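Asker: There's a structure below that I have some questions on.
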Amino acid sequence: MAVKPVVLALSRAGEDTAHRVAAALGAQVHGRKDRVRMASVFFPDALEHVRALFGAGVPVVGVCASGILIRAVAPLLADKRTEPPVVSVSDDGAVVVPLLGGHHGANRLARDIAGALSGTAAVTTAGDVALGVALDEPPEGWVLANPENAKPAMMALLQGGGARISGPAAAQADWLADLPRGDEVEIICTTEPCPTPRETDLLFHPQTLTLGVGCARNCPPAELWDLVRDMLVESNVAPGAIRAVATLDLKADEPAVLELAKRLGAPLRLFDAAELEAETPRLANPSDVVFAEVGCHGVSEAAALAVAGPDAVLTVPKEKSANATCALALAPRPIVDMQGRARGKLAVVGIGPGEAGWRTPQASRLIQQADELVGYGLYLDLLGPLAAGKPRKDFPLGGEEARCRYALEEAGKGRSIALICSGDAGIFAMAALVFELLDRSPDAGGVSDAARRVEVVNAPGVSALQAAAARAGAPLGHDFCAISLSDLLTPRQDIVKRLRAAAEGDFVIAFYNPVSKRRRTLLAQARDILLEHRPADTPVCLATSLGRAEEKLRYRRLDELDVDEVDMLTVVVVGSSQSRLARLGEGPRMYTPRGYARRIDGDLAGEPTAVRQET
Ligand code: SAH
-7 MAVKPVVLAL
3 SRAGEDTAHR
13 VAAALGAQVH
23 GRKDRVRMAS
33 VFFPDALEHV
43 RALFGAGVPV
53 VGVCASGILI
63 RAVAPLLADK
73 RTEPPVVSVS
83 DDGAVVVPLL
93 GGHHGANRLA
103 RDIAGALSGT
113 AAVTTAGDVA
123 LGVALDEPPE
133 GWVLANPENA
143 KPAMMALLQG
153 GGARISGPAA
163 AQADWLADLP
173 RGDEVEIICT
183 TEPCPTPRET
193 DLLFHPQTLT
203 LGVGCARNCP
213 PAELWDLVRD
223 MLVESNVAPG
233 AIRAVATLDL
243 KADEPAVLEL
253 AKRLGAPLRL
263 FDAAELEAET
273 PRLANPSDVV
283 FAEVGCHGVS
293 EAAALAVAGP
303 DAVLTVPKEK
313 SANATCALAL
323 APRPIVDMQG
333 RARGKLAVVG
343 IGPGEAGWRT
353 PQASRLIQQA
363 DELVGYGLYL
373 DLLGPLAAGK
383 PRKDFPLGGE
393 EARCRYALEE
403 AGKGRSIALI
413 CSGDAGIFAM
423 AALVFELLDR
433 SPDAGGVSDA
443 ARRVEVVNAP
453 GVSALQAAAA
463 RAGAPLGHDF
473 CAISLSDLLT
483 PRQDIVKRLR
493 AAAEGDFVIA
503 FYNPVSKRRR
513 TLLAQARDIL
523 LEHRPADTPV
533 CLATSLGRAE
543 EKLRYRRLDE
553 LDVDEVDMLT
563 VVVVGSSQSR
573 LARLGEGPRM
583 YTPRGYARRI
593 DGDLAGEPTA
603 VRQET
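Quick look at the structure:
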């Protein structure tokens, strides 16, 4: 799914233009707080807002000076193939400049905007300007099989050369119609593999073919791959000409099918048995045996036809190996809109404790790509502009199981869902429950079969203990552990057992869920147990609402740790017997030394090097 651009309005002068651009693109306007009057989202700091969007992979159209956008994203620039387009538009809408991602959609975006505003798209990428077409960015439904030749070919054309457009699909390549004609460049349009001897030869595949596959559970991936490869070789079809791999929805998590789609670089599309059964009149090899097994008279032929659409024909009927089948369908035109559903995806995303700078780019991207956000309302609110305009399902604190079930079942429908957790999703959060539910059968309290077949992606996040440590100094510099003091789900005696072991082991301990309104005694018990094993003046850091506006950091001696000072938005970091508070100019900083003292003191005492190296 292409991510919708966001249009930024930074000033009153450009506000009307921003709304016109947004209307033309079907996009949202985000406006600078106190400067513009109407927007879906208001932000206080333009540079930070642009960075957050860009980092999340959102195309940015700024109605503002180019320099603002350049300054904002410059520190983030790393990979031109994955970064989203950035386009600036002058306040009056007269000039539209694709700043970044020219061959990644920005030129097209700029042209669309300029068209809507009757302005000029200041396209500067060489190929586009002179040729009116980017040969390395063919339209949807076409693939350039040898992108390494794009540059030499465009150079040849820019130097006055012309192109000969050949191959069986030349007539379908109307997007090449305006190129100057000549012999310097050969552009071959075909679904067949084809040699390109000159470095100015380009090979474009129209994606008119679809590959249907079926296989037994746990079919070896190599078996399906070999079957498909042999079929493609025999039928003289280039892998790049395949628009999609299609199969029965029961195979959504079949390793052989997933690996095949990945190796072909083609999307996977799924159909249920009834949808495949509807293709029966078009099948070359309808089978009653298959019908008895899965409820349709064929999988590979039917899936190939279903995904390619009603005008397609079966071009290579079913071929099979011991455990797999495959077939090819051919559509009359390059396929743009595919039928069928994608495999559902659940992204279990840790968003860090609060502030945007502590959120990973991967987490932001997964949130941006999701169709719907699911989570505890407070966490979704923390996302600010990232969540703007996204459908979201809020669940109350304590509704964890309902949250996970909902997210999995929605993903099971073929949607892309992001389950949002604070900190790291795998640390006292939803990820483990997701897998626990996936690990149960539907009749044993698990989720539906469809939900069990979704793709699950986990994105790590900065956990509260890391955020607390960064603020405090370096309290986790030596061995540490994390203990949740919530006895809602864990028997109290287990918690106490772990407390004693951690006390004895002299671990630095981060206490999560230290108290709640009703649970107030375990933290006092923990303090008393720890006091049996470490000094009364052991430093303790109370870190509250880290990364949020209400953030608060306090230091206490262990024997003065007062439960009433602690709330459920606090992580309590208790030092080991070695932890120290350094009194620095800016205030206290907590750290736990790791044994360098012996080296440093050794250096001061002039000990021989050999001894020092042993430590
Ligand atoms: N997955 C989260 C932990 C969730 S459990 C993570 O990795 O951080 C909830 C507990 O985490 C809270 O009771 C508190 O102890 C701690 N916590 C979460 N966010 C916090 C924050 N911003 N500041 C301080 N503590 C936080």
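Letter 204 of the sequence shown, counting from 1, is numbered 196 in our numbering, and no numbers are missing.
All C-beta atoms, glycine included, are put in the ideal place defined by N, C-alpha and C.
This structure is a prediction, so every number in the text was calculated from the model and none was measured.
1. Would you mind reading off the limits of the beta strand (DSSP E) that contains asparagine 450?
2. Only counting the same chain, and skipping five residues up and downstream in sequence, which positions put a Cβ closer than 6 angstroms to that of aspartate 529?
3. Do phenylalanine 420 and ligand 1 come close, with the Cβ less than 7 angstroms from some heavy atom?
4. Count the other CB atoms, across all protein chains shown, that sit within 10 Å of the CB of glutamine 608; report buried if there are 16 or more and exposed otherwise.
5. Could you check the C-alpha separation between methionine 146 and aspartate 280 for me, to the nearest Å?
6. Is proline 467 near ligand 1 - that is, is its Cβ less than 7 angstroms away from at least one heavy atom of it?
7. Would you call the stretch 311 to 331 in contact with the stretch 290 to 302, where contact means no fewer than 3 C-beta pairs closer than 8 angstroms?
8. Pull up the distance between the alpha-carbon of proline 25 and that of cysteine 181, whole angstroms please.
9. In whole angstroms, give me the CA-to-CA distance for valine 500 and arginine 351.
10. May I ask you to check if the CB of glycine 415 is nearer than 7 angstroms to at least one heavy atom of ligand 1?
11. If we count the other Cβ atoms within 10 Å of its Cβ and call it buried at 16 or more, is glycine 376 buried or exposed?
12. May I have the straight-line CA-CA distance separating alanine 399 from alanine 380, to the nearest angstrom?
13. Tell me, which residues are paired with tryptophan 134 by DSSP?
14. Any chance the CB of proline 506 is under 7 angstroms from a heavy atom of ligand 1?
15. Where glutamine 605 and alanine 355 are concerned, what is the direct C-alpha to C-alpha distance, given to the nearest angstrom?
16. With a threshold of 7 angstroms, establish whether the CB of arginine 540 neighbours any heavy atom of ligand 1.
17. Which word fits asparagine 99, buried or exposed, when buried means at least 16 other C-beta atoms lie within 10 angstroms of its C-beta?
18. With distance defined between alpha-carbon atoms, name the residue in Leu515, Ala126, Ala456 nearest to aspartate 479.
19. When burial is assigned at 16 or more other CB atoms within 10 Å of the CB, is methionine 582 buried or exposed?
20. Determine the contact status of valine 340 and alanine 423, defining contact as a CB-CB distance below 8 angstroms.
21. Quick one: does the C-beta of serine 82 sit closer than 7 angstroms to a heavy atom of ligand 1?
22. What is the DSSP secondary structure of arginine 512, reduced to helix, strand or coil?
23. What's the gap between the Cα of methionine -7 and the Cα of glutamate 40?
24. So, with DSSP's three-state summary, where would you put threonine 536?
25. With respect to the beta strand (DSSP E) encompassing serine 80, which residues constitute its N-terminal and C-terminal limits?
26. Starting from the Cα of phenylalanine 387, find the closest Cα among Glu401, Ala403, Gly404, Val366 and give me that residue.
27. Identify, in the order they occur along the chain, each residue of the same chain with its Cβ nearer than 6 angstroms to the Cβ of isoleucine 419, setting aside the five sequence neighbours on each side.
28. Using a 10 Å radius around the Cβ and a threshold of 16 neighbouring Cβ atoms, would you call serine 414 buried or exposed?
29. Please confirm if the stretch 36 to 51 is in contact with the stretch 59 to 75, defined as three or more CB-CB distances below 8 angstroms between the two stretches.
30. Find out if the Cβ-Cβ distance for the pair valine 153, valine 177 is shorter than 8 angstroms.
31. If you follow the alpha helix (DSSP H) that lysine 143 is in, where does it begin and where does it stop?
32. Check whether the Cβ atoms of alanine 660 and alanine 304 sit closer than 8 angstroms, and answer yes or no.
33. Exposed or buried, lysine 509, counting other C-beta atoms within 10 Å across all chains shown (16 or more means buried)?
34. Sorry if obvious, but does the Cβ on alanine 535 come closer than 7 angstroms to a heavy atom of ligand 1?
35. Does proline 302 pass the burial test, meaning 16 or more other C-beta atoms within 10 Å, or should it be called exposed?
Answerer: Taking the geometry as given:
1. Numbered from 1 along the sequence shown, position 458 holds the residue referred to as residue 450. Asparagine 450 -> beta strand (DSSP E) spans 447 to 451.
2. Here residue 529 corresponds to residue number 537 of the sequence shown, with the count starting at 1. Taking aspartate 529 as the centre and dropping the five residues before and after it, the same chain places the C-beta of Arg549 closer than 6 angstroms to its C-beta, in chain order.
3. What you label residue 420 is simply residue 428 of the sequence shown in a count that begins at 1. Yes, since a heavy atom of ligand 1 falls inside the 7 angstroms radius drawn around the Cβ of phenylalanine 420.
4. Nothing can be reported for residue 608: it is not among the residues displayed for the chain, which extend from -7 to 607.
5. For the purposes of this step, residue 146 is identified with residue 154 of the sequence shown, where counting begins at 1. For the purposes of this step, residue 280 is identified with residue 288 of the sequence shown, where counting begins at 1. If I take the Cα positions, the gap works out to 54 angstroms.
6. On the sequence shown, position 475 is the one that residue 467 refers to. Not so, every heavy atom of ligand 1 lies at least 7 angstroms from the Cβ.
7. yes
8. Sequence index remark: in the sequence shown, residue 25 carries index 33 (1-based). Sequence index remark: in the sequence shown, residue 181 carries index 189 (1-based). In the sequence on display, residue 25 carries lysine and not proline. For lysine 25 and cysteine 181, the distance between alpha carbons rounds to 51 angstroms.
9. For the purposes of this step, residue 500 is taken as the residue at position 508 of the sequence shown. For the purposes of this step, residue 351 is taken as the residue at position 359 of the sequence shown. Between valine 500 and arginine 351, the C-alpha separation is close to 25 angstroms.
10. Mapped onto the sequence shown, residue 415 falls at position 423. Yes, ligand 1 has a heavy atom inside 7 angstroms of this Cβ.
11. Stepping through the sequence shown from its first residue, residue 376 is reached at position 384. It counts as exposed.
12. Position 407 of the sequence shown holds residue 399. Position 388 of the sequence shown holds residue 380. The alpha-carbon atoms of alanine 399 and alanine 380 are separated by roughly 19 angstroms.
13. Here residue 134 is taken as the residue at index 142 of the sequence shown, counted from 1. BP columns for tryptophan 134 point to Pro198.
14. Residue numbering aside, residue 506 sits at position 514 when the sequence shown is read from its first letter. Yes, the Cβ of proline 506 comes within 7 angstroms of a heavy atom of ligand 1.
15. Residue 605 sits at position 613 when you count from the first residue of the sequence shown. Residue 355 sits at position 363 when you count from the first residue of the sequence shown. The pLDDT assigned to glutamine 605 is 46, lower than 50, so where the model puts this residue is not dependable; a value taken from the coordinates is nonetheless given after this. Approximately 41 angstroms between the Cα atoms of the pair.
16. Taking the sequence shown and counting its residues from 1, one reaches residue 540 at position 548. Within the cutoff, so yes.
17. By 1-based counting over the sequence shown, the position of residue 99 is 107. Result: buried.
18. The residue given as residue 479 occupies position 487 in the sequence shown. Out of Leu515, Ala126, Ala456, Leu515 has the C-alpha closest to the C-alpha of aspartate 479.
19. For the purposes of this step, residue 582 is taken as residue 590 along the sequence shown, with counting starting at 1. With 16 or more other Cβ atoms within 10 Å, it is buried.
20. Taking the first residue of the sequence shown as 1, we reach residue 340 at position 348. Taking the first residue of the sequence shown as 1, we reach residue 423 at position 431. A contact, by the Cβ cut-off of 8 angstroms.
21. For the purposes of this step, residue 82 is taken as the residue at position 90 of the sequence shown. No, since every heavy atom of ligand 1 falls outside the 7 angstroms radius drawn around the Cβ of serine 82.
22. Here residue 512 refers to the residue found at position 520 of the sequence shown. Three-state DSSP puts arginine 512 in coil, outside helix and strand.
23. Along the sequence shown, one-based indexing puts residue -7 at 1. Along the sequence shown, one-based indexing puts residue 40 at 48. With a pLDDT of 46 at methionine -7, under the threshold of 50, the modelled position of this residue cannot be trusted, and the question is left open.
24. Sequence index remark: in the sequence shown, residue 536 carries index 544 (1-based). Threonine 536: strand per DSSP, three-state reduction.
25. Counting from one through the sequence shown, the residue named residue 80 turns up at place 88. For serine 80, the enclosing beta strand (DSSP E) stretches over residues 78 to 81.
26. Your numbering for residue 387 matches position 395 in the sequence shown. The shortest C-alpha separation from phenylalanine 387 is found at Val366.
27. Locating residue 419 in the sequence shown gives position 427, where the first residue counts as 1. Excluding positions up to five away in sequence, the list reads Ser455.
28. Numbered from 1 along the sequence shown, position 422 holds the residue referred to as residue 414. It is buried - the Cβ of serine 414 has at least 16 other Cβ atoms within 10 Å.
29. yes
30. Residue 153 sits at position 161 when you count from the first residue of the sequence shown. Residue 177 sits at position 185 when you count from the first residue of the sequence shown. Reading off the sequence shown, one finds glycine at residue 153, where the question assumed valine. Here glycine 153 is near valine 177, since their CB atoms are less than 8 angstroms apart.
31. By one-based count along the sequence shown, residue 143 stands at place 151. Start and end: 142 to 150.
32. Residue 660 is absent from the structure shown; the chain starts at -7 and stops at 607.
33. Within the sequence shown, the letter at position 517 stands for residue 509. Exposed, since its Cβ has fewer than 16 Cβ neighbours within 10 Å.
34. Residue 535 sits at position 543 when you count from the first residue of the sequence shown. Yes, ligand 1 has a heavy atom inside 7 angstroms of this Cβ.
35. The count along the sequence shown starts at 1 and reaches residue 302 at position 310. Counting Cβ neighbours within 10 Å, proline 302 comes out exposed, since fewer than 16 surround it.
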